[in-house]
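In what follows, a single structure is set out as structure tokens and then discussed.
Residue numbers (the numbering used here): 13 to 356.
Here is the structure:
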């Protein structure tokens, strides 16, 4: 079978993960890379990439390309997806597609009109623990679903320069949890009620964001999900999911550095959770890309498509509005004129 020719736009933390994973996959060949930083360009050259460019347009024109992987800053995603689609390239794009609902709808229309495939980088769908929870829920192992509980807490807040351009906690961090809330039970969200506070660093509040939040989602059938977020958990990267139903409960706990438990007369202790997303979801990133490639080869449904990105963005915008208005917000209130506003 002919190898798919991949190009990678952006070699930051996520870009390097996808780049390295692609280099290890037999069914694809990385033929081009784009990054404006000299250090990143040299990194790609050292890996044997012949076409290493400074601009996205030059990368697209440099050689024959089947698929573009977009890992550049958020404010470039929509334009890059649009240009790749118009050039007939399939696309993998890290979340979010854009911070404006109107712009996302425009881009998705271009993707549909050109007939290319678009996948959004919701990597947690491909984590083996979360996939097992979804499988058991789908099989009816817990009966009728009643409640979802998602805990997502980072080990430390990102730099303020990042927060100021990220879209805020709901569109940068919680957007993954919004996706999992839909994915894990296969339901759509009807209403969002968000509460948030600045409890970790006053500078985050001064930048227009929050660092701690609790969000209640109500699905269209009246069942619910509860998400709690924190930008700083002293014990590491806290990633847990629980689904409760009429016949039981299923949950996925944290992945730890190791599974030992020490018991003494003073009590018991064990290892902490893995430090951050690069470690916690290392295998999920590989599975995510393999599944994307398989979907392209077989012409099957993309496992995290543009609509998934759109729905999570709508939930995030509803959460922002809920926090600002101090009330529950229906998703139908979020229309295409609704664009991102920093939390004040």
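We treat Cβ as the ideally placed atom computed from N, Cα and C, and that holds for glycine.
Residue range of the alpha helix (DSSP H) that includes residue i
i	result
residue 33	25 to 35
residue 122	113 to 126
residue 109	Run containing residue 109: none; DSSP gives neither H nor E here.
residue 339	First-last for residue 339: undefined, no H or E at that position.
residue 72	68 to 74
residue 54	50 to 58
residue 290	289 to 292
residue 181	181 to 184
Where residue i sits in the DSSP three-state scheme
i	result
residue 173	helix
residue 197	helix
residue 143	helix
residue 210	coil
residue 137	helix
residue 259	coil
residue 94	helix
residue 63	strand
residue 203	strand
residue 310	helix
residue 326	helix
residue 17	strand
residue 300	helix
residue 264	strand
residue 154	coil
residue 346	coil
residue 221	coil
residue 102	strand
residue 250	strand
Same chain only: Cβ atoms within 8 Å of residue i, ignoring 5 sequence neighbours per side
i	result
residue 30	20, 81, 83, 104, 297 and 301
residue 25	290
residue 281	273 and 274
residue 356	With a pLDDT of 39 at residue 356, under the threshold of 50, the predicted position of this residue should be treated as unreliable, and no value is reported.
Pick from the options that is closest to residue i, judged by C-alpha positions
i	options	result
residue 227	219, 333 and 314	333
residue 27	97, 107 and 180	107
residue 324	173, 218, 264 and 182	182
residue 161	97, 295, 33 and 238	238
residue 330	263, 345, 294 and 165	345
residue 186	89, 207 and 198	207
residue 133	340, 180, 320 and 342	320
residue 241	126, 150 and 168	168
residue 23	36, 318, 163 and 66	66
residue 166	146, 147, 189 and 149	189
residue 130	136, 138, 121 and 137	121
residue 99	249, 87, 125 and 111	125
residue 360	173, 209 and 127	Residue numbering for the chain in the displayed model covers 13 to 356; residue 360 lies beyond these limits and cannot be assessed.
residue 195	322, 69, 327 and 316	316
residue 123	151, 139 and 91	91
residue 212	318, 243, 307 and 193	243
residue 214	179, 47, 172 and 178	172
residue 288	249, 51, 295 and 307	249
Residue i CB to nearest heavy atom of the ligand GTP below 7 Å
i	result
residue 340	By its list of ligands, the structure shown contains no ligand whatsoever, and the ligand GTP lies outside what it can speak to.
Residues near residue i by beta carbon distance below 7 Å, same chain, minus five either side
i	result
residue 64	45, 53, 56 and 57
residue 348	Because the pLDDT at residue 348 is just 46, under 50, the model does not fix this residue reliably, and the value given afterwards should be weighed accordingly. Excluding positions up to five away in sequence, the list reads 113, 114 and 117.
residue 269	283, 284 and 286
residue 2	Because the chain in this structure spans residues 13 to 356, residue 2 falls outside the shown range and cannot be described.
residue 217	210
residue 322	116 and 120
residue 299	138
Same chain, Cβ closer than 6 Å to residue i, neighbours up to 5 away in sequence not counted
i	result
residue 260	154
residue 230	202, 203 and 236
residue 199	231
residue 341	204, 330, 333 and 334
residue 41	15 and 17
residue 86	none
residue 326	343 and 346
C-beta atoms of residue i and residue j nearer than 8 Å
i	j	result
residue 72	residue 95	yes
residue 158	residue 258	yes
residue 305	residue 37	yes
residue 278	residue 266	no
residue 176	residue 219	yes
residue 119	residue 145	no
residue 149	residue 197	yes
residue 77	residue 43	yes
residue 142	residue 253	yes
Residue-chain proximity (residue i, chain B), Cβ-Cβ < 8 Å
i	result
residue 236	Protein chains in the displayed structure number just one, and chain B is not present.
N- and C-terminal bounds of the beta strand (DSSP E) containing residue i
i	result
residue 240	236 to 242
residue 158	157 to 165
residue 282	279 to 282
residue 132	130 to 132
residue 225	224 to 231
residue 44	40 to 46
residue 77	Note, residue 77: premise wrong, no beta strand (DSSP E); not H, not E.
residue 274	273 to 276
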